[in-house]
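Working notes for the structure below.
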Amino acid sequence: MKSLRIPENNIYNAYLIEGEDMELIKSSAIKFAEKLLLRDASDEDSDAVPIYEERGYESRDEWEDSVRKRVSNNEHPDLIIIRPDKPEDNPTTVSVGNIRNNINGTVEIRPYEALYKIYVIEHAECMNQQAQNALLKTLEEPPKYVVIMLLAANSDAFLPTILSRVIEIKAGERDVKAVISDMISEEWSRETVHFLSEIGFRNGKEILDFTDKIIKEWKVPLSTFLCFIEIVLRDVLCYKSTSKIELIYGQEIAQDIIKMSTSMSYEKLGCASDNIEKAFRDLPLNVNKEILIEDFLLKLRQNY
890 MKSLRIPENN IYNAYLIEGE DMELIKSSAI KFAEKLLLRD ASDEDSDAVP
940 IYEERGYESR DEWEDSVRKR VSNNEHPDLI IIRPDKPEDN PTTVSVGNIR
990 NNINGTVEIR PYEALYKIYV IEHAECMNQQ AQNALLKTLE EPPKYVVIML
1040 LAANSDAFLP TILSRVIEIK AGERDVKAVI SDMISEEWSR ETVHFLSEIG
1090 FRNGKEILDF TDKIIKEWKV PLSTFLCFIE IVLRDVLCYK STSKIELIYG
1140 QEIAQDIIKM STSMSYEKLG CASDNIEKAF RDLPLNVNKE ILIEDFLLKL
1190 RQNY
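The sequence shown begins at 890 in the numbering used here and counts up one residue at a time.
Below is the structure:
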């Protein structure tokens, strides 16, 4: 089983833990948080009263068991988990209100029990520009006891000012075959690649309708959608260069991959890849996901 270790020698105020496997980086972040919450000032200061005595526990073991249980149940008062909250029916955005209410509005309150107050932001790449700017205010001068962990699929979605204030830790990437295999098992991916193989013949209305389907019917996270197209374009380039079908990651969608390889020149594939990179960079800047997808698909149509 894969694992990710976060260094414990020097504790920083902010981390960006990046990786495709959100469950892996989340479990690693929670384990790290648990270790911080188990730290006791009396370990380094003989004059300090042990936490377990302050909290009324019979022994340190009893207190540590309580900490582990409360972390596991997401009940520890000094561990705050923040998740996408907008829109309400299909959360895909970490809103500015979420950051202001749960981080900016609480960082000045000292830890209730532990030496640290820890914030874990799941799918942090879903923070829009306003949310990132709000978080930046805390990152600029955080209290010493605050630790903020941003869990994200990639760092491209973050403003440079955010990246300059975090310690980046990259998890090992999942095998691309496993990633696309998971995606292809879902209806949206097969229809997407078939749509892409015929996009040169699609009119503007069809592209707008397909975008609406991605966002509202299938409710595909934008980062997942872009990641899928990125792998598809890799397969198209690979087959165009080698004509070897066995090198295609998406074997189940190979016929559409081959069809795309005959329609796109190397120059046009390069333009499409540049547009993917731009779309990833624009994730935190463009609140309107429909416009971002429409713009990408319209540009892709031009590359056919």
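Backbone N, C-alpha and C define an ideal beta-carbon position, used for all residues, glycine too.
Exercise for review: Count the C-beta pairs between the segment 911-921 and the segment 1066-1075 that are closer than 8 Å, then say yes if the count reaches three, no if not.
Suggested key: no
Review point. Just checking, does the segment 1037-1045 make contact with the segment 901-912 on the three C-beta pairs under 8 Å criterion?
Key: yes
Exercise for review: Entirely within the segment 1019-1047 and at least 3 residues each: give me those beta strand (DSSP E) ranges in chain order.
Suggested key: Listed in chain order, the complete beta strand (DSSP E) runs (minimum 3 residues) inside the segment 1019-1047 are 1035-1041.
Practice item. Answer with buried or exposed for GLN1191, where buried requires no fewer than 16 other C-beta atoms within 10 angstroms of its C-beta. Key: exposed
Check your understanding: So what does DSSP say about LYS1006, is it helix, strand or coil?
Key -> strand
Practice item. Please determine if the segment 1128-1140 and the segment 1162-1173 are in contact, where contact requires at least 3 C-beta pairs separated by less than 8 Å. Key: no
Point to revise | Beta-bridge partners of GLN924, as assigned by DSSP | key: Before going further, note that residue 924 is Lys rather than Gln in the sequence given. BP columns for LYS924 are empty, so no partner.
**Study point:** Buried versus exposed call for LYS1006 [16 or more other C-beta atoms within 10 Å across all chains shown]
**Key:** buried
Exercise for review: Please go through the same chain and pick out, in chain order, the residues whose beta-carbon is closer than 6 Å to the beta-carbon of MET890, but skip the five residues on each side of it.
Suggested key: Per-residue confidence for MET890 stands at a pLDDT of 37, beneath the threshold of 50, marking its modelled position as unreliable; no derived number is given.
Check your understanding: In the DSSP assignment, what residue or residues form a beta bridge with ALA1060?
Key -> BP columns for ALA1060 are empty, so no partner.
Practice item. Starting from TYR1128, trace the alpha helix (DSSP H) both ways and give me its first and last residue. Key: 1111-1131
Review point. Looking only at C-alpha atoms, which of GLU933, VAL1121, LEU1111, ILE969 sits nearest to TYR1001?
Key: ILE969
**Study point:** Alpha-carbon spacing of LYS1148 relative to VAL985, whole angstroms
**Key:** 43 Å
Point to revise | Where the alpha helix (DSSP H) containing LEU1186 begins and where it ends | key: 1178-1191
Check your understanding: What are the boundary residues of the beta strand (DSSP E) that TYR941 is part of?
Key -> No beta strand (DSSP E) contains TYR941, which is instead part of the alpha helix (DSSP H) from 940-943.
Exercise for review: From the DSSP output, in three-state form, read off VAL1055 for me.
Suggested key: coil
Review point. Looking at C-beta atoms only, is the number of pairs between the segment 1139-1153 and the segment 1105-1116 that lie closer than 8 Å three or more?
Key: no
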